[in-house]
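>
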Amino acid sequence: MPKSRRSKLVTLTQTSKKTREDREKIGEEIHECLDKYTYVWVFNVNNMRNTFLKDIRQDWKGSRILYGRTRVMQKAFGRTPEEEYKENLSQLAKLVVGDVGLLLTNEKPDVVQEYFESFVKKDYARAGLAAPLTFTVPEGVVYATGGNLPVEEDVPMVHSMETTLRGLGMPTILKAGKVILGGDFTVCKEGQTLDGKQTRLLKHFGIAVSTFKVNLIASYSSETNEVTELA
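Using the working numbering, read the sequence shown as starting at -4 and increasing by one per residue.
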């Protein structure tokens, strides 16, 4: 007979103490960064992908990137002039709202802006996002890009994909080793909220409709104690 396991009691005071200590530690780290780096940038991200954010961290490994925990960031900056860690940081704290991150760096503003203007990555859409285009696969032989390329530049979809496409809702059959579509099939319409089947079909046809981009919202310079809003 297995031994009974007693429930472990975790008090709210213990949990809240640990959470408070974590917040204080992050706040201290932000203060250390504010002393070390000249510039603080507030940014948000379109279509977050951890893989792309990891690439950015690698490119900026001489700087510091923090993401999330907006209340902790605000408190570290100081929400009022009386609480400011440095002069005018309360103005920047007001812009730390929603799903945003911080870049703390010694790189000049023109270097930062040029980098993030050019760092734009295409990726496959996820369910729940709005379709940025209408995509229809034409009747007949199904090609690898679903009609995005002229027939002479495309190749037929491999026959082993027929059951997969049919399982995702496309009225296909296999005929003479080729995947045949019984009629035009609209995978998605512009503005429509994508579901899992639609995103999988878009991926199978190589349609990358999601764009990862970092938007710079504002910057702070410890040399001038000025906040510059960009968006």
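Glycine included, every Cβ here is placed at the ideal spot set by N, Cα and C.
Would you grab the beta carbon distance between T181 and T131 for me? Rounded to a whole angstrom, and I think it's under 8 angstroms.
Going by Cβ atoms, the distance from T181 to T131 rounds to 5 angstroms, so yes, they are a contact pair.
> Here's the rule: buried if 16 or more other CB atoms are within 10 angstroms of the residue's CB, otherwise exposed. What is R15?
R15 is exposed by the Cβ-count criterion.
> Would you say F47 and K116 are within 8 angstroms of each other, going by their C-beta atoms?
Cβ atoms of F47 and K116: closer than 8 angstroms.
> Between the Cα of W36 and the Cα atoms of K70, E23, R18, K103, which residue gives the shortest distance?
With distances taken between Cα atoms, W36 lies closest to K103.
> Do three or more CB pairs link the segment 120 to 137 to the segment 186 to 193 at distances below 8 angstroms?
Because the criterion of three Cβ pairs below 8 angstroms is met, the segment 120 to 137 and the segment 186 to 193 touch.
> Could you give the DSSP three-state label for T140: helix, strand or coil?
Looking at T140 - three-state DSSP - the assignment turns out to be coil, as it is neither helix nor strand.
> In the DSSP assignment, find the beta strand (DSSP E) that holds A213 and state where it starts and stops.
That run of the beta strand (DSSP E) goes 205 to 216.
> With respect to the alpha helix (DSSP H) encompassing K198, which residues constitute its N-terminal and C-terminal limits?
It spans 191 to 199 - the alpha helix (DSSP H) in which K198 sits, taken as one unbroken run.
> Measuring alpha carbon to alpha carbon, tell me which of C183, P151, L211 ends up nearest V137.
Checking every option, the nearest Cα to that of V137 belongs to P151.
> Is it buried or exposed for E218, if we count other Cβ within 10 angstroms and need 16 for buried?
By the 10 Å Cβ count, E218 comes out exposed.
> Leaving out five residues before and five after A88 in sequence, what residues of the same chain have Cβ atoms less than 7 angstroms from its Cβ?
So the qualifying residues of the chain are Q69, F72, G73, R74.
> Considering only residues of the segment 32 to 108, which uninterrupted beta strand (DSSP E) runs meet the minimum length of 3 residues and lie entirely inside it, listed in chain order?
34 to 41, 59 to 62, 95 to 100, all fully within the segment 32 to 108.
> Please go through the same chain and pick out, in chain order, the residues whose beta-carbon is closer than 6 angstroms to the beta-carbon of T100, but skip the five residues on each side of it.
Y32, Y34, S58, listed in sequence order.
> Between which two residues does the beta strand (DSSP E) containing E221 stretch?
221 to 224 is the span of the beta strand (DSSP E), which, as asked, contains E221.
> Considering only residues of the same chain and omitting the five flanking positions on each side of R195, which have a CB-CB separation below 8 angstroms?
Excluding residues within five positions, the ones whose Cβ falls inside 8 angstroms are L163.
> DSSP has G135 in a bridge; who is on the other side?
Looking at the DSSP assignment, G135 forms a beta bridge with L176.
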